[in-house]
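**Student:** With mature numbering (1 follows the signal peptide of the UniProt record, and there is no 0) as the guide, the letters of the sequence shown map in order to residues -27 to -1, 1 to 815. In this text, a Cβ means the ideal position worked out from N, Cα and C, and glycines have one as well. All figures in this text were calculated on a predicted structure; none of them were measured in a lab.
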Amino acid sequence: MKMHARAVLFAGGSLLSLGLSATYANAQTAETAPQTTSPPSSASTNEIVVTANKREQNLSEVGSSVSAVSGEALKVQNISNIADLAKVTPGLTFAPTPNATPVYTIRGVGFYDYSLASYPDVAVYMDQFPLALPVMSAQTGFDLQRVEVLKGPQGTLFGNNATGGAINFVANTPTPTLEGGATFSYGRFNTIEANGFISGPITDTLGGRIAVKAVNGDPWQKSYTRDDRNGRADTIAGRMILEFEPSSDFKASLNLNGWRDQSEPQAPQRIAFVPQNDVSGAPAIAPFTYADGPVPFPQATYPNAPHNARAADWSTDYRPRQDNRMLQGLFRMDYDFSGITVTSLTGYTDLKFDNTTEGGGTALRDRDLRSDSGHIKSFTQEVRIANDSHNALRWVVGANYERTKVNEVTWVAYADNSNTYVNGFVSNAFETRQKMTNYAAFGNLEFDVNDQITLKAGIRQTRAKRDAYAFNGDLPQFPILPTDTTFGGTPGVTLTDFFNAVYGSLGPLYGGPGYQIPTIAPGGSIILDTRGLVLGDPSANDPVDPDTFLTATTVNTRIRENSTSWMVGADFKPVDGLLLYANVSKGYKAGSFPHLQGSLFDSYAPVKQESIMAYEAGFKAQLMDRLLTINGAAFYYDYKNKQTRAKFVDPLFGALDKLLNVPKSTIKGAELEVTARPMQGLSLSASVTYLDAKVDKYLGAVGQTAVSGVRVPVNASFKGVDLPFSPKWQYSLRADYTFPVSSALDGFVGAGLNGQSSSVSALVVPGSATFGATSDLYDIKAYTLVNANLGIRSSDGKWTASVWGKNIFNTYYWSNATQVYDTFVRYTGRPAEYGITVGMNF
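1) Within 10 angstroms of the Cβ of Val528, are there 16 or more other Cβ atoms? Answer buried if so, exposed if not.
2) For Phe712, which residues in the same chain have their Cβ closer than 6 Å to its Cβ, ignoring the five residues on either side in sequence?
3) Along the chain, which unbroken stretches of the beta strand (DSSP E) at least 3 residues long are found entirely within the stretch 299 to 375?
4) By Cβ distance, which residues of its chain are closer than 6 Å to Thr296, with the 5 residues on each side in sequence left out?
5) Is the beta carbon of Pro75 less than 9 Å from the beta carbon of Gly137?
6) Spell out a yes or no on whether the stretch 202 to 219 and the stretch 171 to 184 are touching, meaning 3 or more CB-CB pairs, one atom from each, closer than 8 Å.
7) With hydrogens ignored, establish whether the beta-carbon of Tyr710 is closer than 8 Å to any heavy atom of the ligand NAP.
8) If you scan the stretch 115 to 180 from start to end, which runs of the beta strand (DSSP E) of 3 or more residues do you find wholly inside it?
9) Less than 9 Å between the beta carbons of Ser705 and Leu726, yes or no?
10) Determine, using beta-carbon pairs with one atom in the stretch 529 to 540 and one in the stretch 424 to 439, whether at least three such pairs fall under 8 Å.
11) May I ask you to report which of helix, strand or coil DSSP gives Val395?
12) Please identify the residue among Lys186, Tyr159, Val39, Phe815 whose C-alpha is closest to the C-alpha of Ser53.
13) Which one of Ile753, Ser690, Ala724, Pro739 has the shortest CA to CA distance from Pro700?
14) Tell me the DSSP secondary structure of Gly496 in three-state form.
15) Give the C-beta separation of Thr521 and Ile499 to the nearest angstrom, bearing in mind that I take them to be a contact with Cβ-Cβ under 8 Å.
16) Only counting the same chain, and skipping five residues up and downstream in sequence, which positions put a Cβ closer than 6 Å to that of Tyr785?
17) What residues in its chain sit with their C-beta under 7 Å from that of Ala59, if we drop five residues either side in the sequence?
18) Per DSSP, what kind of secondary structure is Glu216 in: helix, strand or coil?
19) Run through the DSSP bridge pairs and tell me what Ser33 is partnered with.
20) With a cut-off of 8 Å on the beta carbons, I'd call Arg205 and Asp222 a contact; round off their distance for me.
21) Taking just the CA atoms, how far does Lys562 sit from Asp345?
22) Return the residue from the list Trp232, Asn783, Ser538, Gly153 that minimises the CA-CA distance to Val108.
23) Would you call the CB atoms of Phe574 and Arg504 closer than 9 Å?
24) For Ala594 versus Leu552, is the C-beta spacing smaller than 9 Å?
25) Count Cβ pairs between the stretch 302 to 315 and the stretch 343 to 361 that sit closer than 8 Å; are there 3 or more?
26) Give a yes or no on whether the C-beta atoms belonging to Ser656 and Asp709 are separated by under 9 Å.
27) From Glu806 to Arg294, what does the alpha carbon distance come to, in whole angstroms?
28) Kindly indicate which residue of Asp339, Leu337, Ser351, Tyr588 has the alpha-carbon position closest to the one of Met299.
29) Within this structure, are the beta carbons of Pro126 and Ser638 separated by less than 9 Å?
30) Which parts of the stretch 726 to 750 are runs of the beta strand (DSSP E), unbroken and 3 residues or longer, counting only runs that do not cross its ends?
31) Counting along the chain, where does the alpha helix (DSSP H) carrying Ser788 start and finish?
32) How many angstroms separate the CA atom of Asp323 from the CA atom of Ile349?
33) Assess, as a yes-or-no matter, whether the stretch 115 to 135 is touched by the stretch 554 to 568 under the definition of 3 or more beta carbon pairs within less than 8 Å.
34) Just to confirm, are Ala674 and Phe626 a CB contact at a threshold of 9 Å?
35) Return helix, strand or coil for Phe472, following the three-state DSSP convention.
36) Output the boundary residues of the beta strand (DSSP E) element that contains Ala441.
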């Protein structure tokens, strides 16, 4: 069955390609046609140049699936970040998370985890320099030449953590003459955006460019229970690029960039109450909890949010806020000699993260991140050697080194959730410190057998190391919150108090008669080392570490993994302007540790590395004398050990988050992109992606029960379940028309439509309940968005003015739905926005 599916995909791609070849034989011209995947405001005859193979190539000559959006198209369509990019790039999805960290998915391959230290499945680059962790990409989308979206495993050239694909931001570079420009926008919610740049030569051998962007706006969210607002925008970003070229053989560039974001993070919408503990009767541990007997429980009567994109709620004690900043230095050198180019890329990134985010979408203290702070330091180095790209045999060999350190501390408050009702304590803090070190060597070959056939192969050997430290308890830098007396509780109960009581009773059960688990000192970690525990038979215990077994301590652990990514393929050009290709590739993503609350070592177990075997066949055709471009591909992925964040059953607390591997999944799909220029000034584009992404093998927890006073999971098979964030259909349509108004003025008008079919935000069995939450709560409904713009500009390009609208029909939609302890929440897309933009250049 597997081979049959692959054969069908390859055959389908080949038949379509042959059909195009026959059609093209009657329509071709001798001149190579241009191509653009996202048209600018007027029809263009300049084809986008990309660096998918770490050398510059016309997009139509790259034998793989790449979507590229030009800098002009980014401006016209108001695309300033990956969330916007996902709306116009079928196959790419974006999801926000409770910790305000982004998750990117390409063709159903993505890693849903919101720890700062989690590598993505979709690698992000700035000018071929890796932005190792997703949060680093937050404010990179300004003053860009283009953005490239590479689909499918990119492990051979782009590293170990690109099983889904890669996104490469390409910044504008210094110009040979003095140039400058500025744009100003004013939009709904009093949002003001200013962009500016100045570029040109400093000396005969040194050029420079400085670009800045600032955004400030009023809150866009409204509380539906009181008069309050959230969602203020306040960001600033800047970039300086220096290029030094003393001779034709040597070139060096320095990119210094940074940003600061003091906006208010989005609050989610509460859509359901799903208590994780029984609040109908007496609490469980009376000495450390509330008075006996049923008492009012505010979560149970709190209203759900209305179906309005702006409606939300958030804590009045811990308002959403953030103060994040990143500084980055990127240094590149290229030296040419005798047809060989040596390239060195050295990068360093320092990011500080300081957030307060709303968890449960209410004004209660349901699971609010009072403080989520972190510090990332990342150093990368790549050295590669390549021969002249005009040779019949083209090669590149190189090596990479990356070292990234991440510290993250989270203080969470939950006085009004069911855990506090049962157990008494109202807050705790947890901390992780992780250090990742990666070494890799890679090589890539392309050989032109003749003018029509090119053979390709690549390989990368990677060694990945990750060390992790984890703490959960009462950290001294955070005050112990007083117990809320709403339920008639005992003031001053801490997490340490609770666990000393619990572990005191569990000692004989875990360690045998008379055994006492050592008391946790104030400020100590409560994570119990149960590795090797045989529940019910203490005499059979087989400790992994006898020194820490059955003691509460910190987690100190590591993983070491090796992988070999590879790719083989062939390109065939039967006639000018038509490229057929077929590729087979293997990619890996390194294992990871979580950042979460856990009471046992098992909660902090890492996920092992995942892998994808990918098969793809496609075509790129240019027809009718540059007026029509058609690209298509079909693909099949054999996906093993997919990493995900899912529920597991903690023996003490029941359903908690954990990183888990899904043993086997399959992804099948196809995509098509069409660009047409039927008349002068008119540019049309359409693209669509079809996905069938399913779990083949996974046994996971869907509920819990009690055995001898200990909670144990109720498991179910997830075979046939959809992979998260994998809509069956994604589509995008765009039309742009430029026309002369006078000899000095041009008018332009454009409209775009994009959307997707329904999908899910987590692994759920349709029609069933997972820990009390029905599967429909995880649904992301189908939606279609419409954007438009209208304006005029001078014929010489010196100035422009336009009005624009995004989501002009005010469609209510959301991009993520998740459970946050007792509540289920959605992260809505922004409502209708409209504004005016003016720009000038010199």
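**Tutor:** For this structure:
1) Flag for Val528 reads buried.
2) Exclusion of the five residues before and after Phe712 leaves Gly654, Gly720 as the residues of its chain whose Cβ lies within less than 6 Å of its Cβ.
3) DSSP runs (the beta strand (DSSP E)) wholly in the stretch 299 to 375: 313 to 330, 341 to 360.
4) Position check: residue 296 holds Asp in this sequence, whereas Thr was assumed. Non-local C-beta neighbours of Asp296 in its own chain, meaning closer than 6 Å and more than five positions away in sequence, comprise Gln235, Asp327, ordered along the chain.
5) No, Cβ-Cβ distance for Pro75 and Gly137 is not below 9 Å.
6) With a cut-off of 8 Å, the stretch 171 to 184 and the stretch 202 to 219 count as touching, because enough Cβ pairs lie within range.
7) You won't find the ligand NAP in this model; it holds no ligand whatsoever.
8) Inside the stretch 115 to 180, DSSP marks whole beta strand (DSSP E) runs of 3 or more residues at positions 117 to 124, 138 to 144, 152 to 160, 164 to 174, from first to last along the chain.
9) The answer is yes: Cβ separation under 9 Å.
10) They touch, by the three-pair rule.
11) Note: Val395 maps to helix in three-state DSSP.
12) Here the closest residue by C-alpha is Lys186.
13) Per the Cα distances, Ile753.
14) In this structure, Gly496 counts as coil in the three-state DSSP scheme.
15) That pair is no contact at about 13 Å.
16) Excluding residues up to 5 positions away in sequence, His280, Ala282 lie with their Cβ nearer than 6 Å to the Cβ of Tyr785 in the same chain.
17) Leu65, Thr66, Phe67.
18) In the structure shown, Glu216 sits in a strand (DSSP, three-state: E or B).
19) Within the DSSP secondary-structure output, Ser33 pairs in no beta bridge.
20) The beta carbons of Arg205 and Asp222 sit about 51 Å from each other, so the pair does not count as a contact at 8 Å.
21) Approximately 26 Å between the Cα atoms of the pair.
22) Residue Trp232 is the option with its Cα nearest to Val108.
23) Less than 9 Å divides the Cβ of Phe574 from the Cβ of Arg504.
24) In this structure, Ala594 lies near Leu552, with their beta-carbon atoms less than 9 Å apart.
25) Taking 8 Å as the limit for Cβ pairs, the verdict is that the stretch 343 to 361 does touch the stretch 302 to 315.
26) Yes. Within cutoff.
27) One alpha carbon belongs to Glu806, the other to Arg294, and they sit about 23 Å apart.
28) Nearest neighbour of Met299 by Cα position, chosen from Asp339, Leu337, Ser351, Tyr588, turns out to be Ser351.
29) No, the Cβ-Cβ distance between Pro126 and Ser638 is not below 9 Å.
30) Along the length of the stretch 726 to 750, whole beta strand (DSSP E) runs at least 3 residues long do not occur.
31) Unbroken run through Ser788 is the beta strand (DSSP E), 787 to 793; no alpha helix (DSSP H).
32) Going from the Cα of Asp323 to the Cα of Ile349 covers about 6 Å.
33) Inter-segment contact for the stretch 554 to 568 and the stretch 115 to 135 is present: three or more beta-carbon pairs are separated by less than 8 Å.
34) No.
35) In this structure, Phe472 counts as helix in the three-state DSSP scheme.
36) Note, Ala441: beta strand (DSSP E), 426 to 446.
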